[in-house]
Amino acid sequence: GYGFIIDDLHDELQADVFAHYTGIDLQQGFRCLAKDERVEYILTTHSKGGYQALCITGEHGAALKGLSDPHNAAIVREMAAETNAKRASMHPGAQELLAIAGVRSNGDGGAASAVRVKMSLGGGRIGNGYAPVLDCHTAHIACKFDTLLEKIDRRSGKSVEDLPKFIKSGDAAIVKMIPSKPMCVESFAEYPHLGRFAVRDMRQTVAVGVIKAVEKTDGKGGKVTKAAVKAGGKK
Numbered sequence: 001g002y003g004f005i006i007d008d009l010h011d012e013l014q015a016d017v018f019a020h021y022t023g024i025d026l027q028q029g030f031r032c033l034a035k036d037e038r039v040e041y042i043l044t045t046h047s048k049g050g051y052q053a054l055c056i057t058g059e060h061g062a063a064l065k066g067l068s069d070p071h072n073a074a075i076v077r078e079m080a081a082e083t084n085a086k087r088a089s090m091h092p093g094a095q096e097l098l099a100i101a102g103v104r105s106n107g108d109g110g111a112a113s114a115v116r117v118k119m120s121l122g123g124g125r126i127g128n129g130y131a132p133v134l135d136c137h138t139a140h141i142a143c144k145f146d147t148l149l150e151k152i153d154r155r156s157g158k159s160v161e162d163l164p165k166f167i168k169s170g171d172a173a174i175v176k177m178i179p180s181k182p183m184c185v186e187s188f189a190e191y192p193h194l195g196r197f198a199v200r201d202m203r204q205t206v207a208v209g210v211i212k213a214v215e216k217t218d219g220k221g222g223k224v225t226k227a228a229v230k231a232g233g234k235k
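Using full-length UniProt numbering, the letters of the sequence shown map in sequence onto residues 1 to 235.
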């Protein structure tokens, strides 16, 4: 659920490696979380600086025998396909997905996939005036996308369009944002833990990013989403 994800975000600030557990059924596949939820956990973890992840599955019967077992290979293939994490793409020499088997009788056995992922933006189009909820460190505050300053190339960081009307899934951009109330943040270069954020709307992560610079603002204006209104009403 949404609150569960928020609790996890707080914990991720302290972690070097993120471990995600999910049940497994050889006939039905992964059953504890839906496909989109697994992808979202990896995305939010990456946005908080967790570039290494262990995707752990519960024991699934006496057929689990070892690294060469075909069932382990099937688990790795399914997890890779559903999370789009087929290979560790952050670093060329990084390790591919790996299955590790345990025995059924010890009560805590399982299989794991060790991955590093580079995720893209989720959601649809985002334009000026959009005001979803921003999760930055332990803060959960509605923020307005005041101005889309420029669209940039995700790999090179070079500008490809000034003052775009909108950005969509897969795009990267530099945006001026204004929080709806006082918010303690820092630039990513100066303080990484206070400079990473995830943008959430309707219980979904729609974007992730880092803060390049901070300036004072009154935080007024903008069309606020239902999720942002709900977040702003909490005390």
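Where a beta carbon is used, it is the ideal one built from N, C-alpha and C, also for glycine.
Near Val175, what residues of its chain come up, given a Cβ to Cβ distance below 6 Å and the 5 sequence neighbours on each side ignored? Residue mapping note: residue 175 aligns to position 175 of the sequence shown, counting from 1. Only Phe145, Leu148 meet the Cβ criterion.
What's the C-alpha gap between Asp153 and Lys181? For this step, residue 153 is matched to residue 153 along the sequence shown. For this step, residue 181 is matched to residue 181 along the sequence shown. Those two C-alpha atoms are separated by around 31 Å.
So, for Tyr130: in the same chain, excluding its five sequence neighbours on each side, which residues have a beta-carbon less than 6 Å away from its beta-carbon? Taking the first residue of the sequence shown as position 1, residue 130 is located at position 130. Spatial neighbours of Tyr130 in its own chain (CB-CB distance under 6 Å, excluding positions within 5 residues in sequence) are listed in chain order as Phe145.
What do you reckon, are the CB atoms on Thr205 and Ala213 nearer than 8 Å? What you label residue 205 is simply residue 205 of the sequence shown in a count that begins at 1. What you label residue 213 is simply residue 213 of the sequence shown in a count that begins at 1. Against a cut-off of 8 Å, the Cβ pair of Ala213 and Thr205 comes out as no contact.
Buried or exposed for Asp135, please, with buried defined as at least 16 other CB atoms from any protein chain shown within 10 angstroms of its CB. Indexing the sequence shown from 1 puts residue 135 at position 135. It counts as buried.
For Leu163, does the count of other Cβ atoms within 10 angstroms reach 16, so buried, or fall short, so exposed? Position 163 of the sequence shown holds residue 163. A residue is called buried once 16 or more other Cβ atoms fall within 10 Å of its Cβ, and Leu163, having fewer, is exposed.
With distances taken Cα to Cα, identify the nearest neighbour of Asn128 among His193, Ile167, Lys158. For the purposes of this step, residue 128 is taken as residue 128 along the sequence shown, with counting starting at 1. Closest option to Asn128, judged by alpha-carbon separation, among His193, Ile167, Lys158: Ile167.
Suppose you measure from the CA of Ile141 to the CA of Pro179; what does that come to, to the nearest Å? Residue numbering aside, residue 141 sits at position 141 when the sequence shown is read from its first letter. Residue numbering aside, residue 179 sits at position 179 when the sequence shown is read from its first letter. Taking the CA atoms as reference points, Ile141 sits about 7 Å from Pro179.
Starting from Ser159, follow the beta strand (DSSP E) in both directions and report where the run begins and ends. The sequence position of residue 159 within the sequence shown is 159, counting from 1. Where Ser159 is concerned, the enclosing beta strand (DSSP E) stretches over 159-162.
Which residues does DSSP pair with Lys176 in a beta bridge? Counted from its first residue, the sequence shown places residue 176 at position 176. Answer is Thr147.
With H, G and I counted as helix, E and B as strand and the rest as coil, what does DSSP make of His137? If you number the sequence shown from 1, residue 137 lands on position 137. Residue state, collapsed to three classes: coil.
For Cys184, count neighbouring Cβ atoms within 10 angstroms of its own Cβ and tell me buried if that reaches 16, exposed if not. Mapped onto the sequence shown, residue 184 falls at position 184. Exposed, since its Cβ has fewer than 16 Cβ neighbours within 10 Å.
Cβ-based burial, His137 [other Cβ within 10 Å; buried from 16]: Taking the first residue of the sequence shown as 1, we reach residue 137 at position 137. The residue in question, His137, is buried, as its Cβ has 16 or more Cβ neighbours within 10 Å.
In terms of alpha-carbon separation, which member of Ala139, Arg196, Asp171 lies closest to Val210? Translated into the one-based positions of the sequence shown, residue 210 becomes position 210. Nearest C-alpha to Val210: Arg196.
Rounded Cβ spacing between Asp173 and Glu190 (contact assumed at less than 8 Å): As a working note, residue 173 is residue 173 in the sequence shown. As a working note, residue 190 is residue 190 in the sequence shown. A quick correction: the sequence has Ala, not Asp, at residue 173. 22 Å between Cβ atoms; not a contact.
Closest to Phe188 by C-alpha separation, out of Ser169, Met202, Val208, would be which residue? Reading the sequence shown from its first residue, position 188 is the one you call residue 188. Looking at the Cα atoms, Val208 is the closest of the given residues.
Backbone secondary structure at Glu215 - three-state DSSP: Against the sequence shown, residue 215 aligns to sequence position 215. Coil at Glu215, not helix or strand.
Are the CB atoms of Arg203 and Pro132 nearer to each other than 8 Å? As a first step, residue 203 is located in the sequence shown; it is residue number 203 there, counting from the start. As a first step, residue 132 is located in the sequence shown; it is residue number 132 there, counting from the start. In this structure, the beta-carbon distance from Arg203 to Pro132 does not fall below 8 Å.
For Arg125, write down the residues that DSSP places opposite it in a beta bridge. Locating residue 125 in the sequence shown gives position 125, counting from the first residue. Arg125 has no beta-bridge partner at all, per DSSP.
I'd like the span of the beta strand (DSSP E) that includes Val199, first residue to last. Taking the sequence shown and counting its residues from 1, one reaches residue 199 at position 199. Unbroken beta strand (DSSP E) run through Val199: 196-201.
Taking the C-alpha atoms as reference points, what is the distance between Lys158 and Ala139? Taking the first residue of the sequence shown as 1, we reach residue 158 at position 158. Taking the first residue of the sequence shown as 1, we reach residue 139 at position 139. Using only the alpha carbons, I get a separation of about 30 Å.
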